[in-house]
Amino acid sequence: MRSEVFYIILGMTLVTYFTRIGALALFRFTGVPTWINRWLKYVPVAILTALIVPSLLLPKGYLDISLNNHYLIAGIVAAFVAYKSRNIIATLGIGMSIMFVLKLF
Amino acid sequence: MQLSNLLAGKNELAEEAWVALRECAPVVLGVVPFGITCGIMGLTAKMSGVETISMSVIVFAGASQFIGITMLGAGITSWGIIILTTLLVNMRHLIMGSSLAPYMIELPFPLQALLAFLMTDETYALTICRIHKVRYSALYQLIVSTAFYLVWVLSTVAGVVLASYISDPLTWGLDFAMPATFLVLLIPLLANRISLIVFGAAAVVSVFAALYLPGKWYIIIACLTASLIGGLLEGDGEHA
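Same order as they appear, the protein sequences are chains A and B.
By the working numbering, the letter at position 99 of the first sequence is numbered 99, and the numbering carries on one by one without gaps.
Residues are numbered in the working numbering as their position in the second sequence, beginning at 1, plus a constant of 105.
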C-alpha cells in the first residue's frame, strides 16, 4: 500500500470515528444544538450536488454544455432513471450503457 | 426456579437475535450493489485492491468512501481536502449519535466504542425503529450493525475481484459509476422546497468555483455555502 494513501485512509477513519463517538462524548447531556441540527440536515444534498454537477458539466476541467459531452447526456438519463426507479442497479446499468454506446461513435 | 429464569432469559436473547437478523436482511442485501460498486470504483481510480478493501474495513462509511476514492482517482493526494470532506459528509453521525446517547450511555464503555464504530444511517434507522416499537436493545443493535459491516466488507471484496477481470474499466464507461451512484443517493433527498434550493445553490456555486478555484476546493465551498443557506431557510420557516 502506498504510504500517502494509507495516511489518507487513516485520516478518514479517525474523523469518521470522531463523528460517530463524538455525540456520545460531547452532547450526551444536552443533545445537539438546534443550529447545528438545521445546518447538518442539508449537508448531504449540498455535497452530493457539488460532486455530481461539476463532474457532468466540466468532465475535462472546462465547461462543456454540448452533445459531445457524454457525461452530461448519460447523467441526464441516469437522473431520470434514478428518479423513476430509485434503484442503483438500473441507474448504473443504463447510465454506463449509454456511456459505452456514445464512446463507440 | 433459578434455572428456568435463566432459560427464559436465554430464550429472550435468542428471540431478540432472530428478530434482528430477520429485520436487517432486506437492508443488508440492499447494500450489496453499493459495496460492489465501491470495489470497482477503487480499482478504476487506480487504487490497489488492498487499499480499496482496507478502506471498507476501517473507514466503513459508504458515501465518504465513494467521495474519497473519486478524489484519489482525480489525482488528489493531499490530505486536507479529502479529510475535511469526509468530516463534513459524516457530521450527520453526530445527530444520530446524540439521539442514541441516552440509551447507549448505560452500556460498558468498550461496547459503546464498538457500537459507535459500527454506526451507519441504515443500522441507526433500524435501531431507532426497534426502540419505538419495543425498547432499546444493545444486542439488536450489535447484530444488525455487525451483519451490515460484514456484508459491506465482503461486497467490496467482490467488487475488487470483479473489477480485476476487466482490463480497461474506462472503455466500459465505469468512470460513470460515481455520478450515477451519487444520483441514486441524491434524488430521494430532493423532496421539499428547501432541498431544491440547496441543490440549486450547490450546483451554481460548485460550477463557478470549479471554473475559477484550484483543485477540488469547489466541493467544500459549495457544500458549506449551500448547506448554510438550507439551515438559514429552515430557521426562518420555523419562526414564521
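Don't be surprised by glycine CBs; every beta carbon is placed ideally from N, CA and C.
- Within a 10 Å sphere around the beta-carbon of residue 142 of chain B sit 16 or more other beta-carbons, which makes this residue buried.
- A residue is called buried when at least 16 other Cβ atoms come within 10 angstroms of its Cβ; residue 195 of chain B meets this threshold and is buried.
- The beta-carbon separation of residue 73 of chain A and residue 98 of chain A, rounded to 7 angstroms, stays under the 8 angstroms limit for a contact.
- The criterion of a C-beta distance shorter than 8 angstroms is satisfied by residue 315 of chain B and residue 54 of chain A.
- By the C-beta criterion, the region 208-226 of chain B is judged to be in contact with the region 14-21 of chain A, since at least 3 inter-stretch pairs fall below 8 angstroms.
- As the crow flies, the alpha-carbon of residue 27 of chain A is around 15 angstroms from that of residue 217 of chain B.
- With contacts defined by Cβ atoms closer than 8 angstroms, residue 125 of chain B and residue 236 of chain B do not form a contacting pair.
- A Cβ-Cβ separation of about 18 angstroms leaves residue 294 of chain B out of contact with residue 132 of chain B under the 8 angstroms criterion.
- In summary, the residues of the region 196-230 of chain B whose CB is separated from some CB of chain A by less than 7 angstroms are 196, 197, 198, 199, 200, 202, 203, 206, 209, 210, 217, 218, 221, 222, 224, in the order they occur in the chain.
- For residue 341 of chain B, the number of other beta carbons within 10 angstroms of its own is below 16, and it is reported as exposed.
- Residues of chain B with a Cβ closer than 9 angstroms to the Cβ of residue 76 of chain A do not exist, since the nearest Cβ in that chain sits about 10 angstroms away.
- Note on residue 164 of chain B: 16 or more other CB atoms within 10 angstroms of its CB, so buried under the neighbour-count rule.
- Residues of chain B whose Cβ lies closer than 9 angstroms to the Cβ of residue 105 of chain A do not exist; the shortest such Cβ separation is about 13 angstroms.
- A straight-line Cα-Cα distance of about 49 angstroms links residue 207 of chain B and residue 60 of chain A.
- Contacts with chain B at 8 angstroms (Cβ-Cβ) include residue 37 of chain A.
- At a C-beta separation below 8 angstroms, residue 292 of chain B has these neighbours in chain A: 79, 82, 83, 86.
- Only exposed fits residue 135 of chain B, as fewer than 16 other CB atoms lie within 10 angstroms of its CB.
- Per DSSP, residue 315 of chain B is one residue of the alpha helix (DSSP H) stretching across 298-317.
- Going by C-alpha positions, residue 8 of chain A is about 45 angstroms away from residue 114 of chain B.
- In this chain, the alpha helix (DSSP H) harbouring residue 284 of chain B covers 282-291.
- In this structure, the beta-carbon distance from residue 203 of chain B to residue 32 of chain A falls below 8 angstroms.
- When rounded, the separation of the alpha-carbon atoms in residue 281 of chain B and residue 88 of chain A is 13 angstroms.
- Using a Cβ distance threshold of 8 angstroms, residue 118 of chain B and residue 244 of chain B count as a contacting pair.
- Of the residues assessed, residue 10 of chain A falls on the exposed side of the cut-off, its CB having fewer than 16 other CB atoms within 10 angstroms.
- Within chain B, the residues 173, 177, 182, 184, 187, 188 have their CB atoms less than 8 angstroms from the CB of residue 8 of chain A, given in chain order.
- Assigned with DSSP and collapsed to three states, residue 30 of chain A falls in coil, not helix or strand.
- Along the region 322-339 of chain B, the positions whose C-beta sits under 7 angstroms from a C-beta of chain A are 323, 324, 327, 328, 331, 332, 333, 335, 336, 339, read in chain order.
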